[in-house]
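Take a look at the structure set out below.
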Amino acid sequence: MLTTLLLLSCAFFSASGEKEKCKITDKQCIVLFSNSVFEKIFEADNNQNIDPMHIEFVEGNFPDRKIKLTNISMTGYNTCKVFDLYWDIEQSLLNLEFYCLGFSINGQYEMSGLAVTVPTEEKGKFTIDTKSYKLMPNTTFELVQTVGNKTLFHLKDFNVKVSPLEKVALHFTNLYNGQEIPSAKFLAQEHWRNIVYTLQDKFASTCFMNVFVALNKLFTTMPLEEYFDL
């Protein structure tokens, strides 16, 4: 299904260069158009810290400890495809559903808190490797009229929910001062969800801000009249 959608979205613009216009009620056409646009932000001239994405820091709090991730590098957004959407041009709403094949994240971490009532501080390198993920940004937008009486799409605001569809692999060097057994237990099946769910919304907000900045820059070159029957 993902391969089929990729091929269709790549073919949205015909070989002759003529654009296939969407009716604003044609959801399938708009999904294909959305994927064609999303792919463009990964082209060299448009890629504004999207893939790879560099993030200064992300912080999270657990019941007994705090964690700070720094100097973060993240790849995988170029595997994401729009599978579904809802848009209401009258209400200026656009809600998207992306499926991504996986993300790879690495950097440095600092962790402090209690280990069996004993205060601890640990730091080292970390890696997070995911498999499939679902991303669900809900956005508001505005339609901007240019001096030449063209209509431009501009994203105004968003919130995003994300959800792993498979287990996420975590690795922190020097956790529990390098003690293998408690470190493995902390990252075991019963803990990875807590770690991921504590951090993922903060990652998603930062990442989608970068994505939306890149999309808005691209939208300034794409009058809607060229792509939609308005």
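Quick note, the sequence shown lines up with residues -17 to -1, 1 to 213 if you use mature numbering (1 follows the signal peptide of the UniProt record, and there is no 0). Here a beta-carbon is modelled for each residue, glycine too, at the ideal position from N, C-alpha and C. In this text, all values refer to a predicted model and were calculated from it rather than measured experimentally.
The DSSP-derived three-state label of C190 is helix. Annotation: the continuous beta strand (DSSP E) that includes L153 extends over A152 to F155. In summary, V127 is exposed, with fewer than 16 beta-carbon neighbours lying within 10 Å of its beta-carbon over all protein chains present. Taking C-alpha positions only, G85 is separated from V130 by approximately 42 Å. Here DSSP, grouped into helix, strand and coil, assigns Q183 to helix.
Listed as beta-bridge partners of F136 by DSSP are L126. Here F16 is buried. Its C-beta has 16 or more other C-beta atoms within 10 Å.
According to the DSSP assignment, C83 belongs to the beta strand (DSSP E) that extends over L76 to C83. Residue environment analysis places Y69 among the exposed positions, since fewer than 16 neighbouring C-beta atoms fall within 10 angstroms of its C-beta.
The C-alpha of F81 lies about 6 Å from the C-alpha of F66.
Taken through DSSP and simplified to helix, strand or coil, L148 comes out as coil.
If you look at N18, you'll find it in the alpha helix (DSSP H) that goes K10 to K23.
In the three-state DSSP reduction, E209 falls in the helix class (H, G or I). DSSP lists I88 and L153 as the bridge partner or partners of I111.
DSSP, reduced to helix, strand and coil, places N44 within a strand of the structure shown. 9 Å or more divides the Cβ of A152 from the Cβ of T181. By the CB criterion at 9 Å, E208 and T134 fall inside the cutoff.
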